[in-house]
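Below is one structure; the comments refer to it alone.
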Amino acid sequence: MTDLLVVDRGDPGQVRHGCRPDRRPRAGASHGAIFAEPGRNRCPGVAAGWLDCPMSSDTSRDGAIVPDTKDWTWVLDRACPECGFEASRVTVDRLAEVVRDNATTWEAVLTLDDATVRPDPATWSALEYACHVRDVHRLFDVRLGLMLDETDPQFANWDQDETAIAERYAEQDPATVATDLLDAAEVVAARYEAVPPDAWSRRGFRSDGSAFTVESLGRYHLHDIVHHAWDVRALAARATVEAYDAHAASYRDGTNDVSAETAAQVADLVATLGPGARVLEIGSGGGRDAVVLEQAGLSVRRTDITPAFVDLLREAGHEADLLDPLVDDLADPRAPRRPYDGVWASASLLHVDRADLPAVLHRLAAATRPGGALLLWLKEGDGEAWSTHGFVGAPRHFVYWREAPLRAALEGAGWTVDRVDHSVSSRTGEPWLDVRATRA
């Protein structure tokens, strides 16, 4: 039994705290029981006393999950190499925001038909991860309350593996778990918001004497839940694809207008690459941009990860390919050995998990000739969130970026950043990062 001290996702201006406009966590929900179970790649940073919850586990001979007892408290000092979370970049005023935004990921993922299915015998299902995250919120709320109400409290041990098995995580109802998780997230988020300015340095102790502050506790909490959202990122991506799939026609019809900014960017790209240049479009959607690019004299390979968009493009008489830029072969079917002259990615890579975007950018660079161009548009901001808005009546996952880390990701992937413009959407008022880069 291990001792427990206690154990980022946003679409500015949109529905940040729930997948549906009418769905908000209920404040004041009861804490309920605390559960947990062993699971591979489960709980970074909760082993070694914060929570008896391993980041990674091994599989026994019979395929059961075996808990790991590594010390993950180092995540307070440096970035997690897997999920990319950097505790030092999160200020205490954002703790509640990240907790709430993260909770909406689980609400969306738990609607999937296979949310109860383990990807392999040694890895938790999304349902089991969600049960654990729910209880992490509840437990952190209890411990945080002790730190604020008592002087140097010591926390009791808690065996999350035994309680998870006893409470049968895998047999719980996904809809109920989603509601309870949102409630638990709201309760602990409200408690973070209520921490007095002079209380962030208050301490709590593990049974081994190790001390933590309210501030370090909060950051540790965030890494745990952010990492678990990273664990289920493939399901989160699929939920976003399914949202577009169900509303593809309305999205196409609602995004047909070509802005003056887009027309200017197309003209600039043609001037750089020259007529006839071959461009890989990532996320063709309803097809508006590809038409403008072709009318300007470029050759466009249309691609999208959403089957319904590809079907619409083909029905309109265009060649189009179903393609995930993270894992699929990017070679041009027309000339497999010839690299592209440019890449056009308008409002598509904003759905890629933060930890995966560098890999996508690297793969795009590898598929582009030296001197080739990349035009990329992402939403500007902090964290990640689910939002239901615009022409898609279902929740989609968005990842927000700041200029400095985005520049670093681009340059590390083999691109030379020519410029990053900060723009504001004339339709929604949201801030955007408009990137122009050259293949190094």
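Per my numbering, the sequence shown starts with residue 3, numbered consecutively.
C-beta atoms are modelled at their ideal positions from N, C-alpha and C, and glycine is treated no differently.
- Around the beta carbon of T93, fewer than 16 other beta carbons sit within 10 angstroms, so the residue counts as exposed.
- Put simply, of W388, P372, F142, Y342 the residue whose alpha carbon is nearest the alpha carbon of H225 is F142.
- For R235, the enclosing alpha helix (DSSP H) stretches over residues 235-248.
- For R340, the closest of W388, V354, A368 by C-alpha to C-alpha distance is A368.
- The alpha-carbon separation between A292 and V268 amounts to approximately 10 Å.
- Taking a contact as a CB-CB distance under 8 Å, the pair R398 and W388 counts as one, their CB atoms being some 7 Å apart.
- Only buried fits R356, as 16 or more other CB atoms lie within 10 angstroms of its CB.
- Counted as a single uninterrupted DSSP element, the beta strand (DSSP E) harbouring L380 occupies residues 370-381.
- Under the DSSP assignment, V426 falls outside any alpha helix (DSSP H), being part of the beta strand (DSSP E) whose first and last residues are 417-426.
- In the pairwise beta carbon analysis, the stretch 274-286 is classified as touching the stretch 339-354: at least three pairs are separated by under 8 Å.
- Residue ranges of uninterrupted alpha helix (DSSP H) with 4 or more members, entirely inside the stretch 80-125 and ordered along the chain, are 97-111.
- In terms of CA proximity to A81, V228 leads the group V228, V260, D436.
- As the crow flies, the alpha-carbon of Y171 is around 21 Å from that of V101.
- In chain order, A439, T440, A442 place their CB closer than 7 Å to the CB of T418, counting only its own chain and leaving out the 5 sequence neighbours on each side.
- By the criterion of a C-beta distance shorter than 7 Å, S218 is surrounded in its chain by L78, once the five residues flanking it on both sides are discounted.
- Taking C-beta separations shorter than 8 Å and ignoring five residues to either side along the sequence, the partners of F400 in its chain run G12, D13, L352, H353, K381, E386, A387, W388, S389, following chain order.
- Exclusion of the five residues before and after G147 leaves R193 as the residues of its chain whose Cβ lies within less than 8 Å of its Cβ.
- Boundaries for Y171: no beta strand (DSSP E) harbours it, and the DSSP string shows neither H nor E there.
- DSSP, read as helix, strand or coil, puts I307 in coil.
- Counting every other CB atom within 10 Å of its CB across the protein chains shown gives T178 a total below 16, marking it as exposed.
- Between Y253 and G287 the beta-carbon gap is near 7 Å, inside 8 Å, which marks them as a contact.
- A distance of 7 Å or more separates the beta carbons of A318 and R221.
- With respect to the 7 Å criterion, A310 and A250 are classified as neighbours on the basis of their beta carbons.
- Boundaries of the alpha helix (DSSP H) harbouring V135: 128-151, taken from the DSSP string.
- The straight-line gap separating the alpha-carbon atoms of D330 and A273 is approximately 30 Å.
- For R438, the enclosing beta strand (DSSP E) stretches over residues 433-441.
- Annotation: the continuous beta strand (DSSP E) that includes V394 extends over 394-401.
- Of the candidates R316, L412, A349, S350, the residue whose Cα lies closest to the Cα of P360 is L412.
- Looking at the backbone, the Cα of V362 and that of V312 are separated by about 20 Å.
- Here DSSP, grouped into helix, strand and coil, assigns D326 to coil.
- In chain order, V281, L300, D343, G344, G374, A375 place their CB closer than 8 Å to the CB of L275, counting only its own chain and leaving out the 5 sequence neighbours on each side.
- Excluding its 5 nearest sequence neighbours in each direction, T242 has C-beta neighbours in its own chain below 7 Å: H353, R398, H399, listed in chain order.
- According to DSSP, residue pairing for I284 in a beta bridge involves T305.
- Residue environment analysis places L324 among the exposed positions, since fewer than 16 neighbouring C-beta atoms fall within 10 angstroms of its C-beta.
- According to DSSP, residue pairing for S389 in a beta bridge involves R398.
- Residues I284, V362, R365, L366 of the same chain have their beta carbon placed closer than 7 Å to that of P327, with the five preceding and five following residues left out of the count.
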